[in-house]
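Let me begin by presenting the structure, written as structure tokens, before commenting on it.
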Amino acid sequence: MAQLSRDEVEHIAALARLHLTEEEKNVFGTQLSSILDYVAKLQTVDTSAVKPLDHVLDVKNVTRNDEVKPYGATSRTLIIENFPGQTGDLLSVPAVFEQTTENF
Amino acid sequence: MSDLNKLNIGEAQKKLVAQEISSRELTEACLTQARSVNSDLNIYLELWETEALKEADKIDAARARGDELGALAGIPIALKDNLLFEGHEVTAASKILKGYRAAYSATVVQRLRAAGAIFVGRTNMDEFAMGSSTENSAYGPTKNPWDPTRTPGGSSGGSAAAVAANTCLAALGSDTGGSIRQPAALCGVVGTKPTYGRVSRYGLMAMASSLDQIGPFTKTVKDAAQILQVIENDDPRDSTSVVLEETTVPDLIPKDIRGLKIGVPKEYFISGIEPDVEKLVRDAIKKLENLGAEIREISLPHSDYGLAAYYVIMPAEVSSNLARFDGIRYGARAKEVKSLYELYTKSRGEGFGNESRRRIMLGTYGLSAGYYDAYYNQAQKVRTLIANDFREAFKDVDCLVTPTSPTVAFKLGERFADPLTMYLADIFTVSANLAGVPGISVPCGTVEKEGKPLPVGLQFMARHFGESTMFRVAHVYEQANNSNNNKSV
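These protein sequence lines are chains A and B, in that order.
Numbering-wise, my numbering puts 42 at position 42 of the first sequence, and it's gapless, one number per residue.
Offset between the second sequence (1-based) and my numbering: plus 1000.
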């Protein structure tokens, strides 16, 4: 039975940049463990003779010339209007190098 | 006059072209119905009434002038809330995108607009397309028009219900593991998932990029073919979209299936199907035989692993695709945070619902160091085996027939507490996405529960780009069964 430990749940949440409450850590841990249990049946399949399926269709790399094409003016305005923080036309964000509490 | 919303696209077009009805009348009938059911059923997150009527008037004026009009001119269509329509709010039914306005229009939206379609509103869905019941929406669940104590299925539950309740003549949805076909089955409408690569995904909020496809909900199979004809074909903005050798032509759907070889995969008829559902599907297969098709039992030996492979691969791709929601460029940004790290974790932790966070974590785990080979890589190898099963089957038969869903619409809240039980709703639909083959669900009857009839869906699948075969058999079955009986609420 794949039972995720509390440490593992916290590690995954940190990798995924997701805040979880203490309650959620418990509940999610149990739910994820039962799902992992279900998908464990994949281990019983003999895949020694197969490669991973990288694409369902028989298509190759699609390329185009590296040309600059102008983007719509309306789109640009909408992109800027969607900024959660704005200074003129610029996206404003918290300063990155101040006060980090990262500890891993 | 007020029953115009019950027409299908084919019927509406005849009347519009003959100028018996106007697009305004048709659109008004749909909007009136939408307004009258929405507080009970919660189908639409937003109705674009003023704009829709304005567009309808433009089409009517153009028609009166004798201008050349597009293939879907004046037809009211709804959009799932994960399809971008420039300038309009679009949220994937999540809090994290509340108030976000699309900076561009999806290719499918542009193509429908160019064909003259009228967009009536955006429909409810499971948040970020994660779910099989539309209960994971941050804006409340949608109720099934056939029985409002039950779910419409998901994740495109709003779009399915929108058509079933006659609030529009068609709706677009997206299908990653069954999210068009399953709600279509539960709501008694036609739901189509094209071959992977047939329809551009540009402007569809990505869930799992190797599995997602956009497709229509319609009242008839011919309507579905008509919509596909407008939205399909390669798009330079989606490098996974393909130049089609032949496009869909609704009028050329051959009218009989004599001699068509239809495979019945035996693995799709073992435990878990409700007996009444199985009986209707078996009856439908008999009907196909009576119509001249040759029915053969076949095997898709790795079917039992489809759901497991899906629930490793899909969350992995989800964890990657949803990394963009970090509170920086768009979407909700957490306040009162002490660091960049906290800005990320709080924005995402607060903005995403439970199912979204569960699947992101599942995917992160399956891709993480030490687990990648056992989970993601192994699942992708099993996927090769599943895709091979279909390839082998299509050497002997022209298409496959199966149930779409193991059950009829289940009650709201019934499966919500246990994710794994909810995942089992997709057991017959996921393999088509894993293999990239097209699939369609058509109504094949109803089962009565607590005095209410509940729809059952019949699924057809064909080889890659075999939509013409798939539409042919679905259309012939539908006509013989007279099964386009959609609910009028």
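Every residue gets a Cβ at the ideal spot worked out from N, C-alpha and C, and that includes glycine.
Here the structure is a predicted model, which is why all the values come from computation and not from measurement.
The Cβ of B:R1063 sits no closer than 7 Å to any Cβ of chain A.
Taking each of B:A1171, B:A1474, B:G1353, B:A1103 in turn and checking the Cα distance to B:Y1330, the smallest one comes out for B:A1103.
In this chain, the beta strand (DSSP E) harbouring B:I1262 covers 1261-1265. Here the C-alpha atom of B:D1175 lies approximately 15 Å from the C-alpha atom of B:I1313.
Note that the C-beta distance between B:A1474 and B:F1465 is not below 7 Å. Taking 7 Å as the CB threshold, B:Y1371 stays off the interface with chain A. In the DSSP assignment, B:C1168 forms no beta bridge with any residue. Beta-bridge partners assigned by DSSP to B:A1462: B:C1399. Contact between the region 1129-1148 of chain B and the region 1170-1186 of chain B is present, with at least three C-beta pairs closer than 8 Å.
Among the CB atoms of chain A, none fall inside 7 Å of the CB of B:K1395.
DSSP links B:F1119 through a beta bridge to B:I1077. Looking at the backbone, the Cα of B:V1408 and that of B:S1210 are separated by about 28 Å. Contact annotation: B:A1308 and A:K41 have beta-carbon atoms nearer than 7 Å. Note: B:K1411 is bridge-paired with B:R1150 in the DSSP secondary-structure output.
Any Cβ of chain B closer than 7 Å to the Cβ of A:I80 would place that residue at the interface, and such an atom is absent. Burial is judged here by how many other beta carbons sit within 10 angstroms of a residue's own beta carbon; B:T1421 has fewer than 16 and is exposed. Beta-bridge analysis with DSSP links B:R1101 to B:E1089.
For B:Q1110, the uninterrupted alpha helix (DSSP H) segment begins and ends at 1107-1114.
At a cut-off of 7 Å between beta carbons, B:T1384 contacts chain A.
Here the C-alpha atom of A:N61 lies approximately 29 Å from the C-alpha atom of B:V1249. Under DSSP, the beta-bridge partners assigned to B:Q1213 are B:D1175. For the region 1103-1115 of chain B, residues whose beta-carbon sits nearer than 9 Å to a beta-carbon of chain A comprise A1103, Y1104.
The three-state reading of DSSP puts B:D1234 in coil, since its state is none of H, G, I, E or B. Close partners of A:G85 in chain B (Cβ separation under 8 Å): R1333. Looking only at A:R6, A:D7, A:V27, the smallest Cα-Cα distance to B:R1357 is reached by A:V27. The DSSP-derived three-state label of A:Q86 is strand. Using a Cβ distance threshold of 7 Å, B:K1222 and B:G1457 do not count as a contacting pair. For B:K1287, the CB contacts under 8 Å within the same chain, skipping 5 residues up- and downstream, are Y1477, A1480, N1481 in chain order. P1236, S1239, T1240, V1242: these are the residues of the region 1230-1247 of chain B whose beta carbon lies less than 8 Å from some beta carbon of chain A, given in chain order. Counting C-beta pairs with one atom in each stretch, the region 1120-1131 of chain B and the region 1077-1085 of chain B have three or more that are closer than 8 Å, which means they touch. For A:T30, no Cβ of chain B is located within less than 7 Å of the residue's own Cβ.
Apart from sequence neighbours up to five positions away, the residues of its chain that approach B:N1008 with a beta-carbon distance below 6 Å are K1219, T1220, D1223, ordered along the chain. At a beta-carbon threshold of 7 Å, the residues of chain B lying near A:P52 are N1377, Q1380, K1381, T1384, ordered along the chain.
Straight-line measurement puts the Cα of B:I1298 at about 20 Å from the Cα of B:S1441.
Judged by DSSP secondary structure, B:L1045 falls within the beta strand (DSSP E) whose first and last residues are 1044-1047.
Only residues of its own chain outside the window of five on either side were considered, and among them F1269, P1403 have a CB closer than 8 Å to the CB of B:E1278, listed in chain order.
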